[in-house]
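Novice:
Protein chains in written order, with our numbering: chain A, 6 to 206; chain B, 176 to 401.
Structure follows, in structure tokens:
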């Protein structure tokens, strides 16, 4: 298995005319891209607009993507350029880096103030977070460690296997079972309660 | 849903699935909306664990992109430039061009031969610097080819006839003596004995060859054939 093989297989499908494969790439990277763009613009809604524009630009430029770099690295550059252009064209200044990002309280307050125009989005985000956190707390120790090392620390399966002193196949199984347990809770809530499953995408 | 398939999906999401399996799953992922929704939720779980502040987990980016994509044309396979998979043919194309040029050159050379035959004609001995050296039997070889009525396809070995020594005897003697001290004993002995046996007919051979044009033997051979 090679790094970025999963993205490349999707990219190749898009390049062959399969637009559905591009959805998967957008679903995978939308949050990362919004987070990236938020270094340049303060408003989450605006960041989402810029991220969307970056995805469309990436789709149109995909015939030129040769796979020399990882897809996300390529997408990252497009998003940065799009964000910079947006900042220049809208005459907005970049975010003030003097804000103490380590202070959750100050950052949350700022985010909430900017997000005041879409309160339902904020509520839903908080709810998703609380569900995921509760589901992680309920996981057996080995599953919780595996998923946290993967998602929070970004370790590869091999590195997690070394850290947990178990085979790579076991790591794969643990991460899958952890995701399934969390996903089950998410589906229950959204399909039964809020009916916003489609918004998760 | 198939547990093995979901397990593969989870591994693919982490870039930990083998290439062949990725290809198959990518195909299914692009068509199966249920699988795609699960894939999207995996991304949400990751974002929630990382607690990416300011990022809304119900981000409508994917929905917005999907709406715009409906009006976008699908990428044509031919429009993809320089992908890794499309580069394999370049060395082959280069080799094919080189082979084509070589084939055309050969065909052109064949059409340039005087009688249109496919035989590669040996250059006239008189035109070569080495041919000016008074080697025994060289002109006799030309004559032999001319007698056959066709252009020679190779330099024929010298015909061992009584008057085959086409070089004046004193010149040949000088040549043999000058080179005998650098030649191996066996070669030296062969040359000397050859010289001694052919010396008697040297004068006659020189007379015969002097009447023949030595600069253009193929043309001569052609005229004889006619």
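Glycine is no exception: its CB is placed at the ideal position from the N, C-alpha and C atoms.
Keep in mind the model is a prediction, meaning the values are calculated, not measured.
(1) Measure the beta-carbon distance from residue 236/B to residue 35/A and round it to whole angstroms, keeping in mind my assumption that it falls under 8 angstroms.
(2) I think residue 38/A touches residue 56/A, with their Cβ atoms under 8 angstroms apart; what is that distance to the nearest whole Å?
(3) Would you mind telling me which residues of chain B sit closer than 8 angstroms to residue 22/A, beta carbon to beta carbon, in chain order?
(4) By how many angstroms is the C-alpha of residue 42/A removed from the C-alpha of residue 85/A?
(5) If you check the beta carbons only, do residue 133/A and residue 183/A fall under 8 angstroms apart?
(6) Report the rounded CA-to-CA distance for residue 93/A versus residue 130/A, giving the unit in angstroms.
(7) The alpha helix (DSSP H) spanning residue 215/B covers which residue range?
(8) Tell me the DSSP secondary structure of residue 243/B in three-state form.
(9) When the cut-off is 8 angstroms and only beta carbons count, does residue 257/B lie next to chain A?
(10) Going by alpha carbons, who is nearest to residue 251/B out of 66/A, 29/A, 138/A, 175/A?
(11) Just to confirm the assignment, what range does the alpha helix (DSSP H) spanning residue 1/A have?
(12) Shortest alpha-carbon distance to residue 47/A belongs to which of 181/A, 91/A, 170/A, 178/A?
(13) Would you mind reading off the limits of the alpha helix (DSSP H) that contains residue 195/B?
(14) Looking at C-alpha atoms only, which residue of 83/A, 25/A, 190/A, 27/A is the closest neighbour of residue 139/A?
(15) In chain A, which residues lie less than 7 angstroms from residue 246/B when you measure between Cβ atoms?
(16) Check whether the region 217 to 225 of chain B touches the region 16 to 26 of chain A, taking contact to mean three or more Cβ pairs, one atom from each stretch, closer than 8 angstroms.
(17) Closer than 8 angstroms by beta-carbon distance: list the chain B residues that pair up with residue 43/A, in chain order.
(18) Using a Cβ-Cβ distance cut-off of 8 angstroms, determine whether residue 27/A contacts chain B.
(19) Spell out whether any CB of chain B is found under 8 angstroms from the CB atom of residue 157/A.
Specialist: In short:
(1) Contact between residue 236/B and residue 35/A is confirmed by a C-beta separation of about 4 angstroms, below the 8 angstroms threshold.
(2) Beta-carbon to beta-carbon, residue 38/A and residue 56/A are separated by about 4 angstroms, close enough to satisfy the 8 angstroms threshold.
(3) Here the neighbours are 249, 250, 251, 252.
(4) If you draw a straight line from the Cα of residue 85/A to the Cα of residue 42/A, it comes to about 7 angstroms.
(5) No, the pair does not count as a contact, with Cβ atoms beyond the cut-off.
(6) Distance between the alpha carbons of residue 93/A and residue 130/A: 30 angstroms.
(7) Residues 208 to 225.
(8) If DSSP states are grouped into helix, strand and coil, residue 243/B belongs with the helices.
(9) Any reading at residue 257/B is ruled out, since the residue's pLDDT is 49, under 50, leaving its predicted position unreliable.
(10) Nearest option by C-alpha distance: 66/A.
(11) Residue 1/A is absent from the structure shown; chain A starts at 6 and stops at 206.
(12) The residue with the shortest Cα to Cα distance from residue 47/A is 91/A.
(13) In the DSSP annotation of this structure, the continuous segment of the alpha helix (DSSP H) that includes residue 195/B starts and ends at 194 to 204.
(14) Check the Cα spacing between residue 139/A and each of 83/A, 25/A, 190/A, 27/A: the tightest is with 190/A.
(15) Within chain A, no residue comes near residue 246/B; the closest Cβ sits about 10 angstroms away, beyond 7 angstroms.
(16) Touching, no.
(17) Those within 8 angstroms of residue 43/A in chain B are 229, 230.
(18) Yes - at least one Cβ of chain B is within 8 angstroms of the one on residue 27/A.
(19) Yes, residue 157/A lies at the interface with chain B (some Cβ there is under 8 angstroms from its Cβ).
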